[in-house]
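> This is the structure I have questions about; it appears just below.
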Amino acid sequence: MMHQTDLQSRMYDEMRSGRIFEQVQNYALQYLNEVFDRHVFPTEEALNHLKRFDEDLPESSSEADEVLAFLNQYGAPATLAQVGGRYFGFVNGSVVPAGLAAKHLATYWDQNSGMQVSSPIASTLETTVEKWLTQLFELPDHTAAGFVSGTSTANLCGLAAARYRLLKKQNWDVNEQGLWGAPPLRIVTGKHAHSSLIKAISLMGFGKNNIEWVEVDEQGRIIAEQVPELDEYTILALQAGNVNSGAFDPFEPLCEKARKSGAWVHIDGAFGLWAAATESLKHLTKGLSKATSWAVDGHKTLNTPYDSGIILCADQEALVSALHFSASYILESKERDGLFYTPEMSRRARIIELWATMKYLGREGIDEMVSGLHERAVQFALSIQQVDGFLVLNEVVFNQVLVRCESDELTQRVIDRVQKLRECWVGGSSWEGHKVIRISVCSWATTSEDIQRSVASFEQAMREERLRGLLS
Ligand SMILES: *Cc1c(COP(=O)(O)O)cnc(C)c1O
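As structure tokens, this is what we get:
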């Protein structure tokens, strides 16, 4: 008889009997059954119950089924119904069922996708999806992909590759010599660059004060004529999808200009890069393939589960050198070792759900889903315009709609009221110095009816706020 501690034998039993896995499976199925119809934001009661999690670490171990029952009872109601069709906050996507199910399966596998020897399946799928993405976005052959947690990290990796390459061209090895005394690099970007790019610039040691900011037009697009002279010391960071308006920078002339001067172009395409995978919206990304690196999310427009981002880089050597890794026990296989393409060593195999989502949808499915987000956004804009008191501020070129009311104060009150009604969820932002409501259509699940219900909720919020204004 093998000697097992009490805890060990209980855990063996939990693993083998499968009871707790069936238990959470039932919770999960019940959740999916309700999530499309339930209120989008947690109720006050659900939020109040969160206090129950504020406790000291238990002294001793407890029953697994009780831990899970507790989590489900108080955790599930305190979630945002983001999986459903009426969550329009930030730019958060839902989940394609096949991707969610694949993630579920992969959870049990618990793979480390750092190296081929630590997970042959992850290594193989990363190789396949790298090729798929390169073809789908029509990027240069041999474009390398790193599978990271999101576009924030992907932006960081793109800038790291750029920094490596541009300094190397000046005979400076940043890995060996560091930044002190290095030839200065320039960083040029638009005034509407995403905050995660700015964070990456800080982390890379470029210094925010050194950014050469370029003016943008009324949609937030970089004005090409205002971009300064570029040279081989310069990183030009462009954007596919302005986080507020959804607008795309003019890639064609700028990538051309950069190419002539030896500058590196990095494109933050967190949600917008997927326009390149559609027939109807592809025109927005014209010239995009002439950049050097691209950052994109799976978890936004493609609706993979969190967390899924990708760095794509046409200069594979620069990417791998920037994220290089050396340790005596690293086994370099002929196959792909993921750790050479990302900042981390150990990583969960998020490639599994990305692969499953793309395999399930195929080219046509991706096109249909992404175009559908655009169509629903246009529907929202057209409908809300019919409602007295709302003004649409942007050209709805992709999935983002910006709306404001008569005053900033009323706009804020309407946002608060819409959030309280819980029929849908939208957040606020600022645009041209004004408070605005930002509607991001990012869920495959959103139907025309969801849009109608949400617009009706906006109408109700406006009515109630105006009435309150009259009464007070
Ligand atoms: C969301 C977003 C990011 C950050 O991506 P994460 O996946 O949240 O890290 C960067 N840029 C743009 C334009 C975005 O919309």
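Residue 339 in numbering that gives the first Met the number 0 sits at position 340 of the sequence shown, and the numbers go up by one each step. Cβ coordinates follow ideal geometry from the N, Cα and C atoms, glycine included. Just so we're clear, the structure is a prediction, and the values are computed from it rather than from any experiment.
#1: Please look up how many angstroms separate the CB atoms of VAL473 and LEU235, rounded, as I've assumed it's under 8 angstroms.
#2: Round the Cβ separation of GLU352 and GLY98 to the nearest angstrom and send it over; I've been treating them as touching at under 8 angstroms.
#3: Only counting the same chain, and skipping five residues up and downstream in sequence, which positions put a Cβ closer than 6 angstroms to that of THR142?
#4: Which ranges would you report for the alpha helix (DSSP H) in the region 119–163 if only whole runs of at least 4 residues count?
#5: Over what stretch of residues does the alpha helix (DSSP H) that includes THR233 continue unbroken?
#6: Does the contact criterion of 3 or more C-beta pairs under 8 angstroms hold for the region 300–309 versus the region 94–111?
#7: Kindly indicate which residue of GLU43, GLU255, GLY432 and LEU28 has the alpha-carbon position closest to the one of LYS419.
#8: Determine whether the beta carbon atoms of GLY268 and TRP293 lie at a separation below 8 angstroms.
#9: In angstroms, rounded to a whole number, what distance separates the CA positions of CYS423 and VAL39?
#10: Shortest alpha-carbon distance to GLU217 belongs to which of ASN393, SER442 and VAL400?
#11: What residues match up with ARG185 in a beta bridge as DSSP calls it?
#12: Following a CB-centred definition, is SER429 positioned closer than 7 angstroms to any heavy atom of ligand 3?
#13: So for GLN459, helix, strand or coil by DSSP?
#14: Checking 8 angstroms against the spacing of the C-beta atoms, do ILE436 and ARG412 come in under that value?
#15: In chain order, what residues of the same chain have a beta carbon less than 7 angstroms from the beta carbon of GLY204, not counting five sequence neighbours either side?
#16: Within 10 Å of its beta-carbon, does VAL94 have 16 or more other beta-carbons around it, so buried, or fewer, so exposed?
#17: With three or more beta-carbon pairs closer than 8 angstroms as the criterion, would you say the region 181–189 touches the region 214–231?
#18: In whole angstroms, what separates the C-alpha of ASP53 from that of VAL417?
#19: Is the CB-CB distance between GLU125 and ILE350 below 8 angstroms?
#20: Beta carbon of PHE20: closer than 7 angstroms to some heavy atom of ligand 1?
#21: Could you check which residue in ASP5, SER456 and GLY432 has the C-alpha nearest to that of GLY219?
#22: Report all residues from its chain with a CB closer than 7 angstroms to the CB of VAL440; omit the five preceding and five following residues, and keep chain order.
#23: Look at the Cβ atom of SER382, then the Cβ atom of ILE450, and state whether they are nearer than 8 angstroms.
#24: Out of GLN7, GLN22 and PRO76, which has the shortest C-alpha to C-alpha gap to HIS48?
#25: Tell me the DSSP secondary structure of ASN209 in three-state form.
#26: Consult DSSP for CYS312 and reduce its assignment to one of helix, strand or coil.
#27: Locate the beta strand (DSSP E) running through LYS285, then write down its first and last residues.
#28: Any idea what DSSP makes of ALA294, helix, strand or coil?
#29: Would you call the region 450–468 and the region 111–121 in contact, with 3 or more CB pairs under 8 angstroms?
#30: What distance in whole Å lies between the Cβ atoms of ALA223 and LEU158, which are believed to be in contact at a cut-off of 8 angstroms?
#31: Closer than 7 angstroms to a non-hydrogen atom of ligand 1 - does that hold for the CB of ASP267?
#32: Rounded to a whole number of angstroms, what is the C-alpha to C-alpha distance between GLN176 and TRP273?
#33: Within this structure, are the beta carbons of ALA290 and PHE250 separated by less than 8 angstroms?
#34: Let me confirm a value: TYR163 is counted as buried when at least 16 other C-beta atoms fall within 10 Å, else exposed. Which label applies?
#35: My output table needs one value for HIS2: the three-state DSSP class, helix, strand or coil.
#36: Can you find a heavy atom of ligand 1 that lies under 7 angstroms from the Cβ of GLN81?
Taking the structure as given:
#1: Lying outside 0 to 471, the shown extent of the chain, residue 473 is not represented and no answer is given.
#2: Counted from its first residue, the sequence shown places residue 352 at position 353. Counted from its first residue, the sequence shown places residue 98 at position 99. Going by Cβ atoms, the distance from GLU352 to GLY98 rounds to 4 angstroms, so yes, they are a contact pair.
#3: As a first step, residue 142 must be located in the sequence shown, where it is residue number 143. Result list for THR142: THR133, LEU311 and ALA313, in chain order.
#4: Look at the region 119–163 and you find these whole runs of alpha helix (DSSP H), each 4 residues long or longer: 119–135.
#5: Here residue 233 refers to the residue found at position 234 of the sequence shown. In the DSSP assignment, THR233 falls outside any alpha helix (DSSP H) and within the unbroken beta strand (DSSP E) covering 233–238.
#6: Short answer: they touch.
#7: By one-based count along the sequence shown, residue 419 stands at place 420. Comparing Cα-Cα distances from LYS419 to each of GLU43, GLU255, GLY432 and LEU28, the minimum goes to GLU43.
#8: Taking the first residue of the sequence shown as position 1, residue 268 is located at position 269. Taking the first residue of the sequence shown as position 1, residue 293 is located at position 294. The Cβ atoms of GLY268 and TRP293 sit closer than 8 angstroms to each other.
#9: Counted from its first residue, the sequence shown places residue 423 at position 424. Counted from its first residue, the sequence shown places residue 39 at position 40. Distance from the CA of CYS423 to the CA of VAL39, rounded to the nearest whole angstrom, comes to 6 angstroms.
#10: Within the sequence shown, residue 217 is the residue found at index 218, counting from 1. Considering only alpha carbons, the answer is ASN393.
#11: Working through the sequence shown from its first residue, we reach residue 185 at position 186. As computed with DSSP, ARG185 is found in a beta bridge with THR233.
#12: Inclusion of ligand 3 in the displayed structure is not the case, the ligand content consisting of ligand 1 alone.
#13: Against the sequence shown, residue 459 aligns to sequence position 460. Here GLN459 sits in helix by DSSP.
#14: The count along the sequence shown starts at 1 and reaches residue 436 at position 437. The count along the sequence shown starts at 1 and reaches residue 412 at position 413. No. Outside cutoff.
#15: Against the sequence shown, residue 204 aligns to sequence position 205. Only LEU178 meet the Cβ criterion.
#16: Sequence index remark: in the sequence shown, residue 94 carries index 95 (1-based). The residue is buried, with at least 16 neighbouring Cβ atoms inside 10 Å.
#17: Yes: the two stretches touch, three or more of their Cβ pairs being nearer than 8 angstroms.
#18: Sequence index remark: in the sequence shown, residue 53 carries index 54 (1-based). Sequence index remark: in the sequence shown, residue 417 carries index 418 (1-based). So the two alpha carbons sit approximately 29 angstroms from each other.
#19: Translated into the one-based positions of the sequence shown, residue 125 becomes position 126. Translated into the one-based positions of the sequence shown, residue 350 becomes position 351. The answer is yes: Cβ separation under 8 angstroms.
#20: As a working mapping, residue 20 is identified with position 21 in the sequence shown. PHE20 Cβ: outside cutoff for every heavy atom of ligand 1.
#21: Walking along the sequence shown from the start, residue 219 turns up at place 220. Out of ASP5, SER456 and GLY432, GLY432 has the C-alpha closest to the C-alpha of GLY219.
#22: Walking along the sequence shown from the start, residue 440 turns up at place 441. Same-chain partners within the cutoff: PHE87, LEU372, ARG375, ALA376, PHE379 and ASN398.
#23: Residue numbering aside, residue 382 sits at position 383 when the sequence shown is read from its first letter. Residue numbering aside, residue 450 sits at position 451 when the sequence shown is read from its first letter. Contact flag set, yes.
#24: Numbered from its first residue, the sequence shown carries residue 48 at position 49. Of GLN7, GLN22 and PRO76, the residue nearest in Cα terms is PRO76.
#25: The residue labelled residue 209 in the question sits at position 210 within the sequence shown. In the structure shown, ASN209 sits in a helix (DSSP, three-state: H, G or I).
#26: Within the sequence shown, the letter at position 313 stands for residue 312. In the structure shown, CYS312 falls within a strand segment according to DSSP collapsed to helix, strand and coil.
#27: Within the sequence shown, residue 285 is the residue found at index 286, counting from 1. Premise fails: LYS285 is in no beta strand (DSSP E) and is neither H nor E.
#28: To locate residue 294, count along the sequence shown from 1; it is residue 295. DSSP places ALA294 within a strand segment (E or B) once states are collapsed to three.
#29: Too few Cβ pairs lie closer than 8 angstroms, so no.
#30: What you label residue 158 is simply residue 159 of the sequence shown in a count that begins at 1. What you label residue 223 is simply residue 224 of the sequence shown in a count that begins at 1. That pair is no contact at about 22 angstroms.
#31: The residue you call residue 267 lines up with position 268 of the sequence shown. Yes - ligand 1 has a heavy atom lying nearer than 7 angstroms to the Cβ of ASP267.
#32: Indexing the sequence shown from 1 puts residue 176 at position 177. Indexing the sequence shown from 1 puts residue 273 at position 274. Cα to Cα, the separation comes out at about 38 angstroms.
#33: Position 291 of the sequence shown, counted from the start, is the residue given in the question as residue 290. Position 251 of the sequence shown, counted from the start, is the residue given in the question as residue 250. Going by C-beta atoms, ALA290 is nearer than 8 angstroms to PHE250.
#34: For the purposes of this step, residue 163 is taken as the residue at position 164 of the sequence shown. Answer is buried; the Cβ neighbour count reaches 16.
#35: Here residue 2 is taken as the residue at index 3 of the sequence shown, counted from 1. In the structure shown, HIS2 adopts coil according to DSSP, grouped into three states.
#36: Translated into positions along the sequence shown, residue 81 becomes position 82. Remark: the C-beta of GLN81 is outside contact range of ligand 1, defined as less than 7 angstroms to any heavy atom.
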